[in-house]
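Below is one structure, written out as structure tokens; comments come after it.
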Amino acid sequence: MGNPANTNAPDRLGGGRRRAPPTDSPHSRGWTRNRARAQLAQTLGAPVHTVRRVPIWGNHSATQFPDVSHATVGGKPVQDALERIVGDVPAWLDRTFIPRVAKRGAEIIEVRGSSSVASAASATIDHVRDWVAGPRTGPPPPSSRAESTAFPEGLVSSFPVQSVDGEWRIVEGLEIDDWARTRIDASVAELVEEREAVRALGLL
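First residue of the sequence shown? That's 1396 in the numbering used here, and the numbers climb one at a time after it.
Written out as structure tokens, the structure is:
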């Protein structure tokens, strides 16, 4: 585990110049989900384990996009509950939720005056548990309409996934509106820029 995943992962998988020999795993795994679920659960006044289907798209940076459009709490869509609690949901997402998820590590460090490594360790445990045993409440239901988002080949990015028989599979067919697509595209552009900058240094 380490940042930035976008450049560490291809370096590791390819046996990069600064790393040990390449891993024999066909996948490099990172995890970004816990912050978003915890923040959403806090807002809803619900236990974290009841909040599901909160993927994060893109980079592990300020451009990351925690997507609540498919989220459920207790098996029900969160949209109505959010409207009752925060009122203007799009404004809350833009001004409060997304920035806080993106900057949660820095917030923890500021409050504690020390590293946020315990948070990363907790995410590691949850990640491995779901990887091996699968999600606690079954896979996410399919979306009603297929959508596609273009990601350059070989780019390391956060996607919505599910664990099936010990392997991660990207969840296909999620509906993505124009607002979400704009945010995803911005994060993808940043990832491409970062990769090319590191490649130009001869490190990939």
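Glycine included, C-beta positions come from ideal geometry on N, C-alpha and C.
Values in this document were obtained by computation on a predicted structure and should not be read as measured data.
Between which two residues does the beta strand (DSSP E) harbouring V1587 extend?
Here V1587 belongs to no beta strand (DSSP E); instead the alpha helix (DSSP H) covers D1573 to A1595.
Note down the Cα distance separating N1429 from D1580, rounded to an integer number of angstroms.
Roughly 22 Å between the two C-alpha positions.
Shortest alpha-carbon distance to I1493 belongs to which of A1528, E1505, R1447 and Q1434?
Residue nearest to I1493 within the set A1528, E1505, R1447 and Q1434 is Q1434 (criterion: CA-CA distance).
Please go through the region 1470-1495 and give each complete alpha helix (DSSP H) segment of 4 or more residues, from N-terminal end onward.
Fully contained in the region 1470-1495 are the following alpha helix (DSSP H) runs of length 4 or more, in chain order: 1474-1481 and 1484-1487.
Start and end of the alpha helix (DSSP H) containing V1463?
Counting along the chain, V1463 falls outside any alpha helix (DSSP H), and DSSP gives it neither H nor E.
When you compare only the Cα positions, how much space is there between F1554 and E1478?
The straight-line gap from Cα to Cα measures roughly 26 Å.
Distance CB(A1441)-CB(P1461) smaller than 8 Å
The answer is no: Cβ separation not under 8 Å.
In the DSSP assignment, what residue or residues form a beta bridge with Q1343?
Within the shown structure, residues of the chain are numbered from 1396 to 1599, placing residue 1343 beyond reach of any answer.
Report all residues from its chain with a CB closer than 7 Å to the CB of P1547; omit the five preceding and five following residues, and keep chain order.
Correct list, in chain order: V1587.
Report, in whole angstroms, the separation of the C-beta atoms of G1469 and T1445, which I expect to be a contact under 8 Å.
That belief holds up - the Cβ atoms of G1469 and T1445 are roughly 5 Å apart, short of 8 Å.
Do S1582 and T1458 have their CB atoms nearer than 8 Å?
When the beta-carbon positions are compared, S1582 and T1458 come within less than 8 Å of each other.
Contact set for W1526: own chain, Cβ-Cβ below 6 Å, skip 5 residues either direction
Excluding positions up to five away in sequence, the list reads S1558.
7 Å Cβ shell around V1443 - same chain, five flanking residues per side excluded
Exclusion of the five residues before and after V1443 leaves R1432, A1433 and A1436 as the residues of its chain whose Cβ lies within less than 7 Å of its Cβ.
Under a CB-based cut-off of 8 Å, is I1493 close to chain C?
Of the protein chains in this structure there is only one, and it is not chain C.
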